[in-house]
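Engineer:
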Amino acid sequence: MNKPPHLFREPSPDTGVTLQSSRVVFENSRFTVSSDHLVSSHLEVKDFLVVKPHGNRSDLLSGVVIVPVREESILLLKNYRHPVAEHVWELPRGFLEEGEDPAHAALRELEEETGLICSPEMLLDLGWFYPEPGILRARVALFAAAACEPGGAIQNDEIGIDARIWHPKAAVREMLRDGSIREGSSLVALFRYCSRLKIE
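Residues in the sequence shown are numbered consecutively from 15, following our numbering.
1. Checking the sheet assignment: what are the DSSP bridge partners for L91?
2. Could you check what DSSP says for H51 in three-state terms: helix, strand or coil?
3. How would you write the range of the alpha helix (DSSP H) that S233 sits in, first residue to last?
4. Candidates R206, R191 and D176: which alpha carbon is nearest H101's?
5. What ranges does the alpha helix (DSSP H) occupy inside the stretch 100–155, keeping only unbroken runs of at least 4 residues that lie completely in it?
6. Can you round the beta-carbon distance between L190 and L204 to whole angstroms, since I take them to be within the 8 Å contact cut?
7. Does DSSP put R71 in a helix, in a strand, or in coil?
8. Consult DSSP for S194 and reduce its assignment to one of helix, strand or coil.
9. Can you name the start and end residues of the beta strand (DSSP E) that E86 belongs to?
10. Measure from the alpha carbon of L105 to the alpha carbon of each residue in S200, C208 and S209, then state which is nearest.
11. Going by C-alpha to C-alpha distance, which of P164, D61 and D115 sits closest to L38?
12. With DSSP collapsed to three states, give me the class of D61.
13. Does F40 pass the burial test, meaning 16 or more other C-beta atoms within 10 Å, or should it be called exposed?
14. Return helix, strand or coil for R187, following the three-state DSSP convention.
15. Would you kindly check if the distance between the Cβ of L156 and the Cβ of V79 is under 8 Å?
16. DSSP on T32, reduced to helix/strand/coil?
17. Reducing DSSP to helix, strand and coil, say where E41 ends up.
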(Lines of atoms letter the chains of each structure in order from A and count residues from 1; the text may use other names and numbers.)
(Lines give C-alpha, C1' and ligand atoms only; values in the text may rest on other atoms or scores of the structure.)
Protein backbone atom coordinates (compact mmCIF):
# COMPACT_ATOMS: atom_id res chain seq x y z
CA MET A 1 0.00 0.00 0.00
CA ASN A 2 1.34 3.43 -0.94
CA LYS A 3 1.83 6.02 1.78
CA PRO A 4 -0.51 9.03 1.71
CA PRO A 5 1.16 12.06 0.08
CA HIS A 6 1.38 13.94 3.39
CA LEU A 7 3.67 11.29 4.91
CA PHE A 8 7.43 11.63 4.65
CA ARG A 9 9.40 9.33 2.37
CA GLU A 10 13.14 8.83 2.66
CA PRO A 11 14.87 10.20 -0.48
CA SER A 12 15.48 7.57 -3.14
CA PRO A 13 19.16 6.85 -3.86
CA ASP A 14 18.32 6.46 -7.57
CA THR A 15 18.19 10.19 -8.35
CA GLY A 16 20.68 10.37 -11.19
CA VAL A 17 22.55 13.08 -9.29
CA THR A 18 25.85 12.49 -7.48
CA LEU A 19 27.19 14.61 -4.63
CA GLN A 20 30.92 15.00 -5.26
CA SER A 21 31.68 17.20 -2.27
CA SER A 22 30.08 19.48 0.32
CA ARG A 23 31.79 22.43 2.01
CA VAL A 24 30.40 24.48 4.92
CA VAL A 25 30.63 28.17 4.00
CA PHE A 26 28.64 29.74 6.86
CA GLU A 27 27.09 28.77 10.17
CA ASN A 28 25.16 30.62 12.89
CA SER A 29 22.97 29.69 15.86
CA ARG A 30 20.17 28.33 13.64
CA PHE A 31 21.51 27.33 10.21
CA THR A 32 24.42 25.74 8.39
CA VAL A 33 25.04 26.80 4.78
CA SER A 34 27.00 24.54 2.47
CA SER A 35 28.29 24.77 -1.09
CA ASP A 36 27.75 21.41 -2.82
CA HIS A 37 29.35 20.03 -5.96
CA LEU A 38 26.70 18.08 -7.92
CA VAL A 39 27.05 16.00 -11.07
CA SER A 40 24.36 14.41 -13.25
CA SER A 41 24.58 12.62 -16.59
CA HIS A 42 24.52 15.90 -18.50
CA LEU A 43 25.14 18.75 -16.04
CA GLU A 44 27.56 19.83 -13.33
CA VAL A 45 27.00 22.45 -10.62
CA LYS A 46 30.03 23.27 -8.49
CA ASP A 47 28.40 25.71 -6.08
CA PHE A 48 24.87 24.50 -5.29
CA LEU A 49 23.81 26.32 -2.12
CA VAL A 50 22.07 24.27 0.59
CA VAL A 51 20.72 25.73 3.85
CA LYS A 52 20.11 23.28 6.70
CA PRO A 53 18.55 24.12 10.07
CA HIS A 54 20.47 22.73 13.03
CA GLY A 55 19.35 19.36 14.34
CA ASN A 56 20.05 15.78 13.35
CA ARG A 57 16.58 14.39 12.63
CA SER A 58 16.70 11.90 9.78
CA ASP A 59 13.21 12.96 8.67
CA LEU A 60 14.39 16.59 8.11
CA LEU A 61 11.61 17.98 10.32
CA SER A 62 12.79 21.31 11.72
CA GLY A 63 9.81 23.58 12.32
CA VAL A 64 6.10 23.97 12.99
CA VAL A 65 3.32 26.33 11.91
CA ILE A 66 0.12 26.68 13.93
CA VAL A 67 -3.36 27.95 12.98
CA PRO A 68 -4.80 29.35 16.26
CA VAL A 69 -8.60 28.98 16.31
CA ARG A 70 -11.17 30.29 18.77
CA GLU A 71 -14.86 29.80 17.96
CA GLU A 72 -15.23 31.32 14.45
CA SER A 73 -11.97 33.31 14.41
CA ILE A 74 -8.33 32.74 13.48
CA LEU A 75 -5.42 34.64 15.03
CA LEU A 76 -2.89 36.23 12.68
CA LEU A 77 0.34 38.00 13.59
CA LYS A 78 1.44 41.20 11.89
CA ASN A 79 5.18 40.74 11.69
CA TYR A 80 7.96 42.92 10.30
CA ARG A 81 10.31 40.75 8.25
CA HIS A 82 13.73 42.31 7.74
CA PRO A 83 14.76 40.47 4.52
CA VAL A 84 11.77 41.91 2.60
CA ALA A 85 11.53 45.14 4.67
CA GLU A 86 7.79 44.72 5.02
CA HIS A 87 5.09 43.90 7.55
CA VAL A 88 3.39 40.62 6.66
CA TRP A 89 0.42 38.70 8.01
CA GLU A 90 1.43 35.27 9.19
CA LEU A 91 0.69 32.47 11.63
CA PRO A 92 2.71 31.58 14.73
CA ARG A 93 5.63 29.36 13.82
CA GLY A 94 9.05 28.33 15.00
CA PHE A 95 11.81 25.76 15.27
CA LEU A 96 11.74 22.39 16.97
CA GLU A 97 14.11 22.05 19.88
CA GLU A 98 16.50 19.09 19.96
CA GLY A 99 14.52 15.86 20.46
CA GLU A 100 11.19 17.69 20.71
CA ASP A 101 7.93 16.15 19.53
CA PRO A 102 6.29 18.28 16.77
CA ALA A 103 2.95 18.52 18.59
CA HIS A 104 4.70 19.68 21.76
CA ALA A 105 6.65 22.24 19.72
CA ALA A 106 3.41 23.55 18.21
CA LEU A 107 1.84 24.10 21.63
CA ARG A 108 5.04 25.70 22.95
CA GLU A 109 5.39 28.09 20.01
CA LEU A 110 1.69 28.97 20.24
CA GLU A 111 2.10 30.04 23.86
CA GLU A 112 5.43 31.80 23.37
CA GLU A 113 4.28 33.91 20.41
CA THR A 114 0.64 34.55 21.34
CA GLY A 115 0.10 33.78 25.02
CA LEU A 116 -2.57 31.26 24.01
CA ILE A 117 -2.88 27.78 25.42
CA CYS A 118 -4.54 24.78 23.82
CA SER A 119 -5.29 21.28 25.03
CA PRO A 120 -3.20 18.62 23.22
CA GLU A 121 -6.47 16.84 22.40
CA MET A 122 -7.58 19.91 20.42
CA LEU A 123 -4.50 19.95 18.19
CA LEU A 124 -5.31 19.00 14.59
CA ASP A 125 -2.52 17.52 12.46
CA LEU A 126 -2.51 19.17 9.01
CA GLY A 127 0.44 17.22 7.60
CA TRP A 128 3.71 18.81 6.49
CA PHE A 129 5.39 20.50 3.53
CA TYR A 130 8.81 21.45 2.12
CA PRO A 131 9.12 25.25 2.57
CA GLU A 132 11.72 25.63 -0.20
CA PRO A 133 13.13 22.36 -1.54
CA GLY A 134 15.36 24.17 -4.04
CA ILE A 135 17.64 25.45 -1.28
CA LEU A 136 16.38 24.48 2.19
CA ARG A 137 16.99 20.95 3.52
CA ALA A 138 14.01 20.93 5.86
CA ARG A 139 10.35 20.19 6.20
CA VAL A 140 7.73 21.84 8.40
CA ALA A 141 4.82 20.29 10.33
CA LEU A 142 1.44 22.02 10.20
CA PHE A 143 -1.18 22.11 12.96
CA ALA A 144 -4.43 23.83 13.88
CA ALA A 145 -5.03 24.57 17.56
CA ALA A 146 -8.75 24.65 18.32
CA ALA A 147 -10.45 26.22 21.33
CA CYS A 148 -7.46 28.43 22.15
CA GLU A 149 -7.66 30.44 25.35
CA PRO A 150 -5.45 33.14 26.87
CA GLY A 151 -3.43 32.16 29.89
CA GLY A 152 0.13 31.63 28.73
CA ALA A 153 3.16 33.90 28.89
CA ILE A 154 4.27 35.67 25.71
CA GLN A 155 8.03 35.62 25.20
CA ASN A 156 9.05 38.94 23.66
CA ASP A 157 12.33 37.64 22.27
CA GLU A 158 11.55 37.99 18.57
CA ILE A 159 12.03 41.19 16.59
CA GLY A 160 9.09 42.37 14.52
CA ILE A 161 5.77 41.14 15.97
CA ASP A 162 3.64 44.30 16.04
CA ALA A 163 0.11 42.94 16.43
CA ARG A 164 -1.87 39.82 17.25
CA ILE A 165 -5.36 40.11 15.79
CA TRP A 166 -8.34 37.73 15.68
CA HIS A 167 -10.02 37.66 12.26
CA PRO A 168 -13.34 35.97 11.39
CA LYS A 169 -12.74 32.80 9.37
CA ALA A 170 -14.58 34.27 6.38
CA ALA A 171 -12.31 37.33 6.50
CA VAL A 172 -9.21 35.13 6.54
CA ARG A 173 -10.54 33.25 3.53
CA GLU A 174 -10.96 36.59 1.74
CA MET A 175 -7.40 37.59 2.71
CA LEU A 176 -6.21 34.38 1.05
CA ARG A 177 -8.16 35.21 -2.09
CA ASP A 178 -7.07 38.84 -2.39
CA GLY A 179 -3.39 38.27 -1.64
CA SER A 180 -3.26 40.03 1.73
CA ILE A 181 -1.53 36.96 3.20
CA ARG A 182 1.74 36.45 1.32
CA GLU A 183 3.93 34.39 3.65
CA GLY A 184 4.34 30.90 2.22
CA SER A 185 4.07 28.64 5.26
CA SER A 186 0.99 30.51 6.48
CA LEU A 187 -0.64 30.14 3.06
CA VAL A 188 -0.08 26.38 3.06
CA ALA A 189 -1.32 25.90 6.64
CA LEU A 190 -4.43 28.03 6.11
CA PHE A 191 -5.22 26.31 2.81
CA ARG A 192 -4.96 22.90 4.50
CA TYR A 193 -7.12 24.06 7.41
CA CYS A 194 -9.79 25.68 5.24
CA SER A 195 -9.86 22.66 2.93
CA ARG A 196 -10.20 20.26 5.87
CA LEU A 197 -13.10 22.21 7.36
CA LYS A 198 -14.51 23.32 3.99
CA ILE A 199 -14.48 27.00 4.95
CA GLU A 200 -15.79 29.08 2.05
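Every residue gets a Cβ at the ideal spot worked out from N, C-alpha and C, and that includes glycine.
It should be emphasised that the depicted structure is a prediction, and the values quoted were computed from it without experimental measurement.
Structural biologist: With the given structure in hand:
1. E104 and R178
2. strand
3. Residue coverage of the chain in this structure runs from 15 to 214, which leaves residue 233 outside it and unanswerable.
4. D176
5. 116–128
6. 6 Å
7. Coil.
8. coil
9. Here E86 belongs to no beta strand (DSSP E), and DSSP marks it neither H nor E.
10. S200
11. For clarity, residue 38 is Val in the given sequence; the question names Leu instead. Here the closest residue by C-alpha is D61.
12. strand
13. exposed
14. helix
15. yes
16. strand
17. strand
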